[in-house]
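Student: Numbering (the working numbering), first residue to last: 378 to 743. Pasting a structure here, questions to come.
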Amino acid sequence: MTIDIAHDPDFDVAIVGYGPVGQALAALLGRAGHRVAAFERFSAIYRLPRAVHIDHEIMRLLQSLGLSEVLAEEMVPVDDYRWFGADGELLLRFEPRSPAPSGWEGDYMFFQPELERAIDDHACAPAGVTVERGWTAEGLEQFDERVELTLRRVTEDEPGRLALTGETRRVSAKWVVGADGANSFVREASGIARRDLGFQERWLVVDAEPHDMAALAHLPTASQHCDPSRPTTVVESGPRHRRWEFMLLPDERASDFEDPERVWALLEPWYRPQDGPLTRSAVYEFRSMLADRMRKGRVLLVGDAAHLTPPFLGQGLCSGLRDAANVAWKLDLVLRDLAPAQLLDTIDSERQPQNEAIIRLAIELG
Numbered sequence: 378m379t380i381d382i383a384h385d386p387d388f389d390v391a392i393v394g395y396g397p398v399g400q401a402l403a404a405l406l407g408r409a410g411h412r413v414a415a416f417e418r419f420s421a422i423y424r425l426p427r428a429v430h431i432d433h434e435i436m437r438l439l440q441s442l443g444l445s446e447v448l449a450e451e452m453v454p455v456d457d458y459r460w461f462g463a464d465g466e467l468l469l470r471f472e473p474r475s476p477a478p479s480g481w482e483g484d485y486m487f488f489q490p491e492l493e494r495a496i497d498d499h500a501c502a503p504a505g506v507t508v509e510r511g512w513t514a515e516g517l518e519q520f521d522e523r524v525e526l527t528l529r530r531v532t533e534d535e536p537g538r539l540a541l542t543g544e545t546r547r548v549s550a551k552w553v554v555g556a557d558g559a560n561s562f563v564r565e566a567s568g569i570a571r572r573d574l575g576f577q578e579r580w581l582v583v584d585a586e587p588h589d590m591a592a593l594a595h596l597p598t599a600s601q602h603c604d605p606s607r608p609t610t611v612v613e614s615g616p617r618h619r620r621w622e623f624m625l626l627p628d629e630r631a632s633d634f635e636d637p638e639r640v641w642a643l644l645e646p647w648y649r650p651q652d653g654p655l656t657r658s659a660v661y662e663f664r665s666m667l668a669d670r671m672r673k674g675r676v677l678l679v680g681d682a683a684h685l686t687p688p689f690l691g692q693g694l695c696s697g698l699r700d701a702a703n704v705a706w707k708l709d710l711v712l713r714d715l716a717p718a719q720l721l722d723t724i725d726s727e728r729q730p731q732n733e734a735i736i737r738l739a740i741e742l743g
């Protein structure tokens with residue numbers, strides 16, 4: 378039996394995970410005057426990109442955080458999105474409405490580390506958010522008026538490679554938010570189950586940093602190559618980077634593409650070694666998952682902790698940032714005693730039907 382010795386929580390909100398979704402939520406709540414702490418296992422901004430696309434609604438959110446001018450040179454508007462057949466024939470061409478109803482362009486491509494750096498420096502820091510890097514959550518206990526988190530110090534032997542230490546600490550908050558990704562500790566520790574919506578494919582993701590982006594100007598900003606022998610996605614990821622995504626075939630293994638020559642062979646129609654280095658080449662498994670709920674007591678979930686979306690619609694990060702916007706204003710009212718905690722139950726009813734619809738549409742496009 379746990380004996381609860383009441384004391385004032387250390388923070389109003391503790392956020393586990395400090396990617397773009399956790400950052401945006403932290404900034405929104407910090408700007409509202411709340412005591413916010415974010416705990417992140419990596420010691421610095423993760424150097425490799427994951428998401429590469431946001432839409433005009435998300436640009437409005439970033440604008441509300443004072444980031445539109447900061448990010449102006451880091452965002453590439455999508456003015457041309459083409460779908461090609463197996464023989465290279467043009468099947469579809471989308472030229473988005475400009476501007477979109479929000480006043481921004483409809484879609485933008487970006488390099489995620491630059492987005493994270495901008496939110497951290499220009500939104501979270503001015504809002505007084507406490508950011509604690511090098512900590513991973515390993516314990517969570519809910520009480521009537523607070524949540525206790527047990528954290529363990531982690532170190533990085535090399536970028537991205539973590540090692541646990543013997544140092545632990547406990548912190549408390551009125552509310553805890555899991556923004557800790559697909560393998561969310563917060564979700565698992567809270568006993569929140571997920572549904573598998575049936576999509577599972579392996580794709581090779583290749584990021585490049587061309588010497589001369591102008592030399593690749595003949596390529597569309599974004600394109601899908603609908604070749605049954607090897608479906609492929611080709612996009613810009615900000616003004617200085619390009620990405621290719623290749624579907625693995627059933628008889629291929631992830632280890633097959635540890636050989637750089639295999640990777641360059643796939644890139645050859647668009648990109649060659651003399652064009653610039655590759656910054657990352659890795660096989661990922663794209664999944665479609667939906668948490669049964671986004672709130673349990675004083676614990677909330679946002680982003681990939683609550684839903685996993687195949688990337689074909691470019692809405693994974695967008696959905697997570699919409700979660701953050703929805704949670705932020707409601708949690709602000711609850712913390713200021715202007716609304717009952719039951720208001721937070723509407724996060725599920727408002728966000729998860731849309732998240733599921735986005736996932737299912739992405740599956741259809743894939």
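Where is the CB? At the ideal position from N, CA and C, for every residue including glycine. Since the structure is predicted, the reported quantities are computational estimates derived from the model, not experimental observations.
Closest to Ala414 by C-alpha separation, out of Pro397, Val553, Glu446, would be which residue?
Tutor: For the purposes of this step, residue 414 is taken as residue 37 along the sequence shown, with counting starting at 1. Ranking the options by Cα distance to Ala414, first place goes to Val553.
Student: Rounded to the nearest angstrom, what separates Val660 and Ser632 at their Cα positions?
Tutor: The count along the sequence shown starts at 1 and reaches residue 660 at position 283. The count along the sequence shown starts at 1 and reaches residue 632 at position 255. For Val660 and Ser632, the distance between alpha carbons rounds to 9 Å.
Student: Any contact of the stretch 539–558 with the stretch 667–676, i.e. 3+ C-beta pairs under 8 Å?
Tutor: yes
Student: Quickly, what does DSSP pair Thr542 with across the bridge? List them, please.
Tutor: On the sequence shown, position 165 is the one that residue 542 refers to. Answer by DSSP bridge pairing: none, since Thr542 is not bridged.
Student: Could you give the distance in angstroms between the alpha-carbon of Glu733 and the alpha-carbon of Ala403?
Tutor: Numbered from 1 along the sequence shown, position 356 holds the residue referred to as residue 733. Numbered from 1 along the sequence shown, position 26 holds the residue referred to as residue 403. So the alpha carbons of these two residues sit roughly 25 Å apart.
Student: My understanding is that Val668 touches Arg571, with C-beta atoms under 8 Å, so please give their C-beta distance in whole angstroms.
Tutor: In the sequence shown, counting from the first residue as 1, residue 668 sits at position 291. In the sequence shown, counting from the first residue as 1, residue 571 sits at position 194. The sequence as given places Ala at residue 668; Val does not occur at that position. Confirmed, Cβ separation roughly 5 Å.
Student: Between the stretch 557–567 and the stretch 625–640, are three or more C-beta pairs nearer than 8 Å?
Tutor: no
Student: Using only CA atoms, which one of Ile736, Ala683, Trp621 lies nearest to Glu613?
Tutor: In the sequence shown, counting from the first residue as 1, residue 613 sits at position 236. Residue Trp621 is the option with its Cα nearest to Glu613.
Student: For a quick check, are the C-beta atoms of Arg424 and Pro536 less than 8 Å apart?
Tutor: Sequence index remark: in the sequence shown, residue 424 carries index 47 (1-based). Sequence index remark: in the sequence shown, residue 536 carries index 159 (1-based). Yes. Within cutoff.
Student: With DSSP as the reference, identify every bridge partner of Tyr485, one or two as the case may be.
Tutor: Locating residue 485 in the sequence shown gives position 108, where the first residue counts as 1. The partner list for Tyr485 (beta bridge, DSSP) reads Ile431, Pro454.
Student: Check for me: the beta strand (DSSP E) holding Glu746 runs from which residue to which?
Tutor: The structure shown does not extend to residue 746, since the chain is modelled only from 378 to 743, so the question has no answer here.
Student: Could you round the C-beta distance between Ala495 and Leu444 to whole angstroms and report it? I think they count as a contact, below 8 Å.
Tutor: Numbered from 1 along the sequence shown, position 118 holds the residue referred to as residue 495. Numbered from 1 along the sequence shown, position 67 holds the residue referred to as residue 444. The pair is a contact, with the Cβ atoms about 6 Å apart (cut-off 8 Å).
Student: So which of Leu698, Ile422, Gly575, Arg619 has the shortest CA-CA distance to Arg510?
Tutor: In the sequence shown, residue 510 corresponds to position 133, counting from 1. The option with the nearest alpha carbon to Arg510 is Ile422.
Student: Measure the alpha-carbon distance for Met436 versus Glu482 and round it to whole angstroms.
Tutor: Counting from 1 along the sequence shown, the entry for residue 436 is found at position 59. Counting from 1 along the sequence shown, the entry for residue 482 is found at position 105. One C-alpha to the other measures close to 9 Å.
Student: Let's test the definition: count the other Cβ atoms within 10 Å of the Cβ of Arg699 and tell me whether it reaches 16, buried, or not, exposed.
Tutor: Translated into positions along the sequence shown, residue 699 becomes position 322. With 16 or more Cβ atoms within 10 Å of its Cβ, Arg699 is classed as buried.
Student: Just checking my contact of Arg579 with Leu625 at CB under 8 Å: how many whole Å lie between their CB atoms?
Tutor: As a position in the sequence shown, residue 579 is number 202, starting the count at 1. As a position in the sequence shown, residue 625 is number 248, starting the count at 1. The pair is a contact, with the Cβ atoms about 4 Å apart (cut-off 8 Å).
Student: Leu539: which of Phe663, Val398, Gly516, Arg529 sits nearest, CA to CA?
Tutor: On the sequence shown, position 162 is the one that residue 539 refers to. Nearest of Phe663, Val398, Gly516, Arg529 to Leu539, Cα basis: Arg529.
Student: Give me the residue from His602, Pro587, Ala642 with the minimum Cα distance to Thr615.
Tutor: Taking the sequence shown and counting its residues from 1, the one referred to as residue 615 is at position 238. Note that residue 615 is Gly in the sequence shown here, rather than Thr. It is Pro587.
Student: Drop a sphere of 10 angstroms on the beta-carbon of Asp709, count the other beta-carbons inside from all chains shown, and report buried for 16 or more, exposed for fewer.
Tutor: Residue numbering aside, residue 709 sits at position 332 when the sequence shown is read from its first letter. Asp709 is buried by the Cβ-count criterion.
Student: When the Cβ atoms of the stretch 470–484 are set against those of the stretch 406–413, are three or more pairs found closer than 8 Å?
Tutor: no
Student: Would Ser606 be called buried (16 or more neighbouring beta carbons within 10 Å of its own) or exposed?
Tutor: In the sequence shown, the residue the question calls residue 606 occupies position 229. Its Cβ having fewer than 16 others within 10 Å, Ser606 is exposed.
Student: Please determine, among Asp681, Asp604, Pro627, the residue with the shortest C-alpha to C-alpha distance to Val393.
Tutor: What you label residue 393 is simply residue 16 of the sequence shown in a count that begins at 1. Relative to the Cα of Val393, the nearest Cα in the group Asp681, Asp604, Pro627 belongs to Asp681.
Student: Would you mind listing the beta strand (DSSP E) stretches within the stretch 571–598 that are 3+ residues and don't spill past its ends, in chain order?
Tutor: Entirely contained in the stretch 571–598, the beta strand (DSSP E) runs reaching 3 residues are, in chain order, 571–585.
Student: Within 10 angstroms of its Cβ, does Ser726 collect 16 or more other Cβ (buried), or is it exposed?
Tutor: In the sequence shown, residue 726 corresponds to position 349, counting from 1. Exposed.
Student: Arg672 bridges to which residues according to DSSP?
Tutor: Taking the sequence shown and counting its residues from 1, the one referred to as residue 672 is at position 295. According to DSSP, Arg672 bridges with Leu677.
Student: Can you tell me whether DSSP reads Val711 as helix, strand or coil?
Tutor: What you label residue 711 is simply residue 334 of the sequence shown in a count that begins at 1. Helix, per DSSP.
Student: Buried or exposed for His618, going by 16 or more other Cβ atoms inside 10 Å?
Tutor: The residue given as residue 618 occupies position 241 in the sequence shown. Looking at its Cβ environment, which holds 16 or more other Cβ atoms inside 10 Å, His618 is buried.
Student: Any idea if Thr686 is buried or exposed, counting beta-carbon neighbours within 10 angstroms, 16 or more meaning buried?
Tutor: Position 309 of the sequence shown, counted from the first residue, corresponds to residue 686. Classification for Thr686: buried.
Student: Taking the straight line between their C-alpha atoms, what separation do you get for Leu742 and Pro386?
Tutor: In the sequence shown, counting from the first residue as 1, residue 742 sits at position 365. In the sequence shown, counting from the first residue as 1, residue 386 sits at position 9. Going from the Cα of Leu742 to the Cα of Pro386 covers about 46 Å.
Student: Let me know the secondary structure DSSP gives His618 once reduced to three states.
Tutor: Within the sequence shown, numbered from 1, the residue matching residue 618 stands at position 241. Coil.
Student: For the beta strand (DSSP E) that contains Ala415, what are its first and last residues?
Tutor: The residue given as residue 415 occupies position 38 in the sequence shown. Note, Ala415: beta strand (DSSP E), 413–417.
Student: In terms of residues, what are the limits of the alpha helix (DSSP H) holding Trp762?
Tutor: Examination of residue 762 is not possible in this model, given that the chain is present from 378 through 743 alone.
Student: Measuring only the C-alpha atoms, how far is Ala582 from Phe634?
Tutor: Start at 1 with the first residue of the sequence shown, and residue 582 comes out as number 205. Start at 1 with the first residue of the sequence shown, and residue 634 comes out as number 257. Note on identity: in this sequence residue 582 is Val, with Ala being the wrong assignment. So the alpha carbons of these two residues sit roughly 10 Å apart.
Student: Can you tell me the Cβ-Cβ gap for Ser665 and Gly558, rounded? I've got them flagged as a contact below 8 Å.
Tutor: The sequence position of residue 665 within the sequence shown is 288, counting from 1. The sequence position of residue 558 within the sequence shown is 181, counting from 1. Actually they are not in contact, since the Cβ atoms of Ser665 and Gly558 sit about 15 Å apart, beyond 8 Å.
Student: According to DSSP, simplified to helix, strand and coil, what is Asp725?
Tutor: Translated into the one-based positions of the sequence shown, residue 725 becomes position 348. Note: Asp725 maps to helix in three-state DSSP.
Student: Let me know the secondary structure DSSP gives His384 once reduced to three states.
Tutor: Translated into positions along the sequence shown, residue 384 becomes position 7. If DSSP states are grouped into helix, strand and coil, His384 belongs with coil.
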